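Everything below concerns the one structure shown next.
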Amino acid sequence: MQPAPSTATHSAGFTGRMFVGPVFDYLWIGAGASLPVLALVLFGSSLPGIGPLANGMASLADPALLPFVVLLFSSTHFAASTVRLYTKPGAVASLPFVTLVLPVVFLALLSFCVLVSDTLGRHLQALYLTWSPYHYAAQAYGLAVMYCYRSGCAIDGKSKKLLRVLALAPFVSVFLTMPGVGLSWLLPERARAAAPVQSALAGIAPVLALISLVGPLALFAAYARRAAPMPAIAPLLLAVNAVWWLALPPLQAFVWATFFHGIQYLAIVVIFHVREHEGLAGGRRGALAQAGLFYAGCLALGYALFNCLPQAYVFAGASTTESLLLVIAAVNIHHFVVDGFIWKLGRRDANRAVVDADAALAPAA
Amino acid sequence: MPRWRRPPDPRHRLNTSDPRSAPRWYAVLGAVGAALFVGAVALGFLYSLRATGRPPSLSIDPRELARGMVQQGDLEQVLAEQDAELRLDPGPRQRFELYIRSGRLLSRLGRSDEATSRFRRAIAEDPARVEPRIFLVAELAAQGHYEEVIPEYREIVARAPGDAVLQANFAYALERIGDTQGAMDAYMRAGAMDPNLPQASFGLGRLLLSAGRPAEALAPLERAAALQPELAGSHALLGRALRELGQNDRAIASYQRALALEPRLNGVRVALSHLLAESGRPAEAEQELRDALARRPSDPVLLNNLAWMLATDPQPAAGDAEEAVALAERAVQLAGDAEDYDTLAAALAASGRFEDAHRAALRALNQARERGDLKGAEGIAARLRGYAEGRRHVERSARAGGGA
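As given, the protein sequences belong to chains G and H, one line each in that order. The working numbering puts the first sequence at residues 1 to 365. The working numbering puts the second sequence at residues 1 to 404.
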């Protein structure tokens with residue numbers, strides 16, 4: 001998401017101005033719910049009394065349940081950017097390349113990668129895995145700035161840059177240290193294995209982790225005495241993203257980050273869709289019906305993208321694994337690109353109308 | 001929090017730019033892209049329906065899909081899928097797991113060399129982990145490459161020094177390459193790590209017994225039988241140790257327990273029969289042999305032993321001699337060893353055919369001498385002299401033809 005210009009004037013205190021309400025926004029859009037869940041998954045099974053609850057949470061990643069969890073939250077979230085792209089008022093007209101040409105480009109690119117998977121496949125896969133933590137960090141930053149703006153917290157350009165650096169710190173850490181992505185993809189193994197590189201990476205990782213977790217809190221504290229303080233959800237968004245990527249083992253990080261990022265994304269995208277269409281529908285459909293329709297579209301497209309499309313490549317002679325993994329990679333990258341366009345908050349954008357309307361009209365929470 | 005309702009916002013339309021500004025071919029490409037996408041999705045859906053009878057699976061985890069293929073027995077396809085995943089150059093952890101999983105599949109497919117190669121790659125990927133080394137040694141052991149197994153096992157036990165099972169497996173590998181002392185030491189180490197590990201006691205007892213030290217073997221074998229009362233082999237080996245120590249009644253009880261658990265142990269049945277006959281219970285001895293023969297009617301050892309028992313019985317029943325001849329002739333047909341001719345000679349003598357008995361005994365004597373069995377030859381020669389004098393051979397026990 002792109003940052004919003006800080007022009008709003010209403011202050012909403014430390015809680016900030018919410019889209020739905022403090023509990024919903026902090027738990028699901030701020031992804032605060034992920035912290036106790038991950039704590040339960042990681043440490044809960046050994047704690048007396050809460051073992052069953054912890055095991056229940058961990059069972060979300062069980063093979064029997066995972067496909068449903070993935071479809072309902074993860075696949076649907078990736079599909080949501082495409083559904084939003086084509087349902088956002090005026091998007092086809094204002095983004096003709098993204099809406100009309102980009103899908104063909106991606107289909108062609110995906111097909112070519114499946115065709116020459118021996119050489120290109122692994123690079124497509126590595127690109128998606130490298131881009132993912134950046135995308136999540138950028139979303140955390142975008143949401144944090146949006147909440148500051150909505151809450152009347154006038155963060156200056158310098159603070160915004162600092163907030164962006166803090167948001168991207170987990171990505172930089174993952175880029176530098178996670179096996180198979182980022183540096184380990186781009187840099188030859190011999191160069192990576194060099195002692196100075198190894199010691200530099202070993203030294204920088206804890207520093208970045210510290211910056212990722214403490215930095216947002218420090219910025220929050222710096223703004224606390226101002227008339228319009230930074231809403232607490234802003235540092236929460238950044239810290240939670242840092243916990244996902246830096247506290248969990250790499251594979252778990254991808255699973256849980258994708259899960260909670262998906263919920264976060266679905267929550268905000270449904271809110272924007274409903275608010276945009278409330279006005280356009282002229283009361284023909286209620287907010288719940290709008291949200292339900294939007295989600296149903298995402299669900300159907302998610303199933304089509306991740307479950308049906310790979311089978312077409314299998315039919316064409318590719319292996320199931322390559323088809324599946326390369327479709328996942330291509331859909332992810334398409335999602336990252338599309339997000340760069342559909343969440344812009346420029347003066348002429350429909351997003352701006354949603355944010356501005358709330359900021360201007362809503363009373364302090 | 002106060003509730004509020006926002007009125008429709010006219011600024012929704014601020015973002016609209018002139019659609020005519022986009023080139024016309026954009027729209028054409030958009031239509032082509034949409035058609036291609038819808039077509040591909042429909043194709044994928046229909047293909048899955050045709051291939052599996054179901055809509056596309058909800059799972060997008062290659063490992064889950066591979067599990068389904070394994071259940072259908074399509075191992076070659078699973079292997080192809082794992083190779084495809086490896087081609088995509090996954091991270092080191094997934095690569096490690098893929099090498100192990102594909103190695104195990106190759107092993108199941110009987111492609112041992114490729115399996116060992118995968119396990120070696122997994123070891124190279126993460127030398128600290130013992131799992132691939134365990135799979136590697138299992139594969140090498142299955143191929144009989146025990147010389148290669150030993151250095152791998154040394155690594156394994158060095159990396160998992162407290163693991164009694166691994167130590168016992170290492171001992172077995174040492175046993176297989178003939179390092180008896182090394183194997184005994186390793187079994188003892190395993191037993192010290194886990195006194196309740198049956199393999200350690202059983203292996204140590206077996207080795208001591210084979211080394212002719214039944215008195216030392218007795219305690220570990222008793223322990224193994226107590227720890228694994230359901231394992232026939234433990235009782236059988238204990239029975240053998242007790243027999244060698246002259247504790248016939250206990251040995252008989254152990255053999256009987258072993259046979260109750262695993263009735264197909266014919267060697268144990270022959271040994272039991274021998275012990276019963278030695279203990280003055282010939283009827284039971286004969287019955288054991290008949291039971292065994294009923295299960296394996298073409299076993300030359302069983303045929304020989306029953307024939308010998310019938311032929312050399314001090315008080316034969318009517319028809320015993322003829323049955324003994326028939327049994328001995330079948331044993332000769334099936335194996336034709338010195339013992340079989342010797343038994344045939346005894347049976348022929350019992351039926352009063354001393355000339356035929358003499359010829360058979362001579363053949364037995366020659367065979368025994370040819371193979372250097374001087375003690376056996378001595379016994380046959382003594383019996384041969386008896387046949388020449390028109391005397392049948394009489395004994396109280398069955399021939400020791402088998403053993404536990």
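Backbone N, C-alpha and C fix where the C-beta goes; we use that ideal spot for every residue, glycine too. Fair warning: this is a prediction, and the values are worked out from it, not measured in the lab.
CB contact below 7 Å: residue i versus chain G
i	result
Val41 of chain H	yes
Leu29 of chain H	yes
Phe45 of chain H	yes
Gly267 of chain H	no
Gly33 of chain H	yes
Tyr26 of chain H	yes
Leu49 of chain H	no
Leu36 of chain H	yes
Cβ-Cβ separation, residue j to residue i (assumed contact under 8 Å), whole Å
i	j	result
Gly32 of chain G	Leu266 of chain G	With a Cβ gap of about 16 Å, Gly32 of chain G and Leu266 of chain G do not count as contacting.
Gly215 of chain G	Ala169 of chain G	7 Å
Phe97 of chain G	Tyr26 of chain H	7 Å
His273 of chain G	Arg122 of chain G	The pair is not a contact, with the Cβ atoms about 36 Å apart (cut-off 8 Å).
Phe366 of chain G	Val270 of chain G	This structure cannot speak to residue 366 of chain G, because chain G is shown only from 1 to 365.
Ala40 of chain H	Ala330 of chain G	Rounded, the Cβ-Cβ distance is 12 Å, inconsistent with contact.
Gly30 of chain G	Ile233 of chain G	4 Å
Ala331 of chain H	Thr343 of chain H	7 Å
Asn332 of chain G	Ser132 of chain G	7 Å
Leu248 of chain G	Leu38 of chain G	7 Å
Ala324 of chain H	Leu310 of chain H	4 Å
Pro103 of chain G	Gly33 of chain H	4 Å
CB contact check: residue i to chain H, cutoff 7 Å
i	result
Thr258 of chain G	no
Gln290 of chain G	no
Phe315 of chain G	yes
Val274 of chain G	no
Asp118 of chain G	yes
Pro179 of chain G	yes
Gln311 of chain G	yes
Ser111 of chain G	no
Gly152 of chain G	no
Gln125 of chain G	yes
Gly56 of chain G	no
Glu189 of chain G	no
Ser319 of chain G	yes
Arg192 of chain G	no
Ala304 of chain G	yes
Val355 of chain G	no
Phe24 of chain G	no
Asn307 of chain G	yes
Thr15 of chain G	no
Pro96 of chain G	yes
Arg84 of chain G	no
Phe121 of chain G	Here residue 121 of chain G is Gly; the residue named in the question, Phe, does not match the sequence. Chain H contact via Cβ: present.
Leu324 of chain G	yes
Val255 of chain G	no
Val20 of chain G	no
Val270 of chain G	no
Buried versus exposed call for residue i [16 or more other C-beta atoms within 10 Å across all chains shown]
i	result
Trp185 of chain G	buried
Lys88 of chain G	buried
Val38 of chain H	exposed
Asn196 of chain H	exposed
Arg385 of chain H	exposed
Gly103 of chain H	buried
Thr385 of chain G	There is no way to answer for residue 385 of chain G, as the model of chain G reaches only from 1 to 365.
Ile116 of chain G	Looking at the sequence provided, one finds Val at residue 116 of chain G rather than Ile. So Val116 of chain G ends up on the exposed side.
Asp249 of chain H	exposed
beta-carbon residue i near the ligand FAD non-hydrogen atom, thresh 6 Å
i	result
Pro314 of chain H	You won't find the ligand FAD in this model; it holds no ligand whatsoever.
For this session: Report the residues of the segment 53–81 of chain H with a CB closer than 9 Å to any CB of chain G, ordered along the chain.
Result: Pro55, Pro56, Ser57, Leu58, Ser59, Ile60, Asp61, Pro62, Arg63, Glu64, Leu65, Ala66, Arg67, Met69, Gln77, Ala80, Glu81
Problem set entry | Against chain G: residues of the segment 85–115 of chain H by CB proximity under 7 Å | Glu85, Arg87, Leu88, Asp89, Pro90, Gly91, Pro92, Arg93
Exercise. Name the residues in the segment 210–229 of chain G whose C-beta lies less than 8 Å from a C-beta of chain H; which are they?
Worked result: none
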